[in-house]
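Below is one structure, written out as C-alpha cells; the observations come after it.
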Amino acid sequence: MKIIEQAKLIEKVADDKKGENIKVLDLKGVTEIADYFVIVTANNVPHIKSICDEIERALYSKGLKFLRKEGYDEGNWIILDYGDVVVHLMLAEQREYYGLEKFWREAKEADF
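Everything in the sequence shown is counted per the working numbering, starting at 954 for the first residue and increasing by one.
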C-alpha cells in the first residue's frame, strides 16, 4: 500500500468513526519524521480509543501494523506511528494546547 493510500485510509476511518476536524499534513520536505501527520479530534476517551482501534484494524487488514503506539491507556492523546504516516488522535483540549498545526505550519494540508 502506498504511503498516500495509508493516509487516505486513516482519514476515511477517522471520518467514518465521527472524528472531528481531521487534518492531513503533508510533511514531505519539512521534516524527516514522517511524510504525513493525520490529526483527529475526538469527543471523549471512549471515542478516541474507538477511532484508534478501528484505524488499527483497517490497516492491519491491509498488512500494516504500527511501529509504536503511545498514550492509549491515558486516552487523551494517542499516537500511532506507522513510519511514514503518524496519527495523532487528540481530545479538543490537548489539540488546542499543543497546537500541532501551528508547530508544523510549514506543512501543507494534503488535498485528496
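Cβ coordinates follow ideal geometry from the N, Cα and C atoms, glycine included. Being a predicted model, the structure only gives us computed values, none of them experimental.
May I ask you to list the residues that DSSP assigns as paired with residue 1044?
Counting from 1 along the sequence shown, the entry for residue 1044 is found at position 91. Note: residue 1044 sits in a beta bridge opposite 995.
Cβ of residue 960 within 7 angstroms of Cβ of residue 1040?
Here residue 960 refers to the residue found at position 7 of the sequence shown. Here residue 1040 refers to the residue found at position 87 of the sequence shown. When the beta-carbon positions are compared, residue 960 and residue 1040 stay at least 7 angstroms from each other.
Are the Cβ atoms of residue 966 and residue 1001 separated by less than 7 angstroms?
By 1-based counting over the sequence shown, the position of residue 966 is 13. By 1-based counting over the sequence shown, the position of residue 1001 is 48. For the 7 angstroms CB-CB criterion, residue 966 and residue 1001 do not form a contact.
Selection from 1019, 1026, 1049, 955 that minimises the alpha carbon distance to residue 999:
The count along the sequence shown starts at 1 and reaches residue 999 at position 46. Ranking 1019, 1026, 1049, 955 by Cα distance to residue 999 puts 1026 first.
Keeping to the same chain, check which residues put their C-beta closer than 8 angstroms to that of residue 997; ignore five residues upstream and five downstream.
On the sequence shown, residue 997 is found 44 positions in, with the first residue counted as 1. Cβ neighbours of residue 997 beyond the five flanking positions: 1044.
Hey, out of 1032, 1048, 1057, 1017, whose CA is closest to residue 962's CA?
Translated into positions along the sequence shown, residue 962 becomes position 9. The shortest C-alpha separation from residue 962 is found at 1017.
When the distance is taken between beta carbons, is residue 986 closer than 7 angstroms to residue 1042?
As a working note, residue 1042 is residue 89 in the sequence shown. As a working note, residue 986 is residue 33 in the sequence shown. Contact flag unset, no.
Option nearest residue 977 by Cα separation, candidates 984, 1019, 992:
What you label residue 977 is simply residue 24 of the sequence shown in a count that begins at 1. Closest option to residue 977, Cα to Cα, is 992.
Endpoints, alpha helix (DSSP H) assigned at residue 1053:
Sequence index remark: in the sequence shown, residue 1053 carries index 100 (1-based). Residue 1053 -> alpha helix (DSSP H) spans 1053-1056.
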